[in-house]
Amino acid sequence: MIQGFTIMQNSSMDIKTKYKVLLYSLVAVILATVPFSISSFQNGNELHILIHTCAIILSVFLSVVGVITYRSFKTTRLFLVMCAFVSICLAEITALSLLLLSTPPSFTNYDSLITHGLILLMLSFFAFGIFRKD
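Count the sequence shown with the working numbering and you get residues 660 to 793, in order.
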């Protein structure tokens with residue numbers, strides 16, 4: 660701590676590695692969700708499924724970056740941030756599973772679309788922050 664300010668840790672990941680992690684997260688989530696979501700696209704839940712899938716992609720990416728960063732610096736603050744992203748990831752996976760595997764198929768309302776859209780927006784801001792250089 661220097662005169663009331665903490666020194667920021669620089670990530671050990673370069674921008675190319677971050678893009679690779681994002682690409683791997685994208686491919687893994689799409690491969691895992693497509694077989695389950697194809698039949699649900701005919702129920703009118705396309706937007707809801709897409710929002711959850713995008714949120715899972717971003718939360719998996721942020722969780723992996725969180726794990727890598729925590730392993731580099733081993734601070735309690737980074738551990739808690741990593742746990743927050745893993746929690747969001749688990750919540751989104753659970754929500755998508757409930758949406759896809761429920762019988763009869765659930766129909767979404769605008770309230771849930773707005774709520775899940777805001778979670779996706781929050782994750783997008785975090786993901787953009789990972790790629791930003793200040």
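Cβ coordinates follow ideal geometry from the N, Cα and C atoms, glycine included.
Please read all numbers here as calculations on a predicted model, not as lab measurements.
C-beta atoms of residue i and residue j nearer than 8 Å
i: isoleucine 721; j: phenylalanine 744; result: The question names isoleucine, yet the displayed sequence has leucine at residue 721. Cβ distance < 8 Å, so leucine 721 and phenylalanine 744 count as in contact.
i: leucine 706; j: leucine 772; result: yes
i: isoleucine 715; j: glutamate 751; result: yes
i: leucine 729; j: leucine 717; result: This sequence places tyrosine at residue 729; leucine is not what is there. No, the Cβ-Cβ distance between tyrosine 729 and leucine 717 is not below 8 Å.
i: phenylalanine 790; j: lysine 677; result: yes
i: valine 680; j: valine 723; result: yes
Environment of residue i [buried if 16+ CB atoms lie within 10 Å]
i: glycine 725; result: buried
i: valine 693; result: exposed
i: serine 783; result: exposed
i: valine 686; result: exposed
i: isoleucine 710; result: buried
i: serine 684; result: buried
i: cysteine 742; result: exposed
Helix, strand or coil at residue i [DSSP, three-state]
i: histidine 791; result: Checking the sequence, you will find arginine at residue 791 rather than histidine. Reduced to three states, the DSSP call for arginine 791 is coil.
i: serine 746; result: helix
i: lysine 675; result: helix
i: threonine 762; result: coil
i: isoleucine 735; result: In the sequence as displayed, the identity of residue 735 is threonine instead of isoleucine. The answer is helix: DSSP assigns threonine 735 an H, G or I state.
Closest Cα partner of residue i within the set the options
i: serine 756; options: Phe695, Val680, Val719 and Asn768; result: Phe695
i: cysteine 713; options: Met781, Gly788 and Lys792; result: Met781
i: histidine 775; options: Leu758, Cys742 and Arg791; result: Leu758
i: threonine 762; options: Ser699, Lys677, Val688 and Ile674; result: Ser699
i: alanine 754; options: Asn704, Asp673 and Leu690; result: Asn704
Item to check | Completely contained alpha helix (DSSP H) runs for the segment 686–718, where each covers 4 or more residues | outcome: Complete alpha helix (DSSP H) runs here, min 4: none at all.
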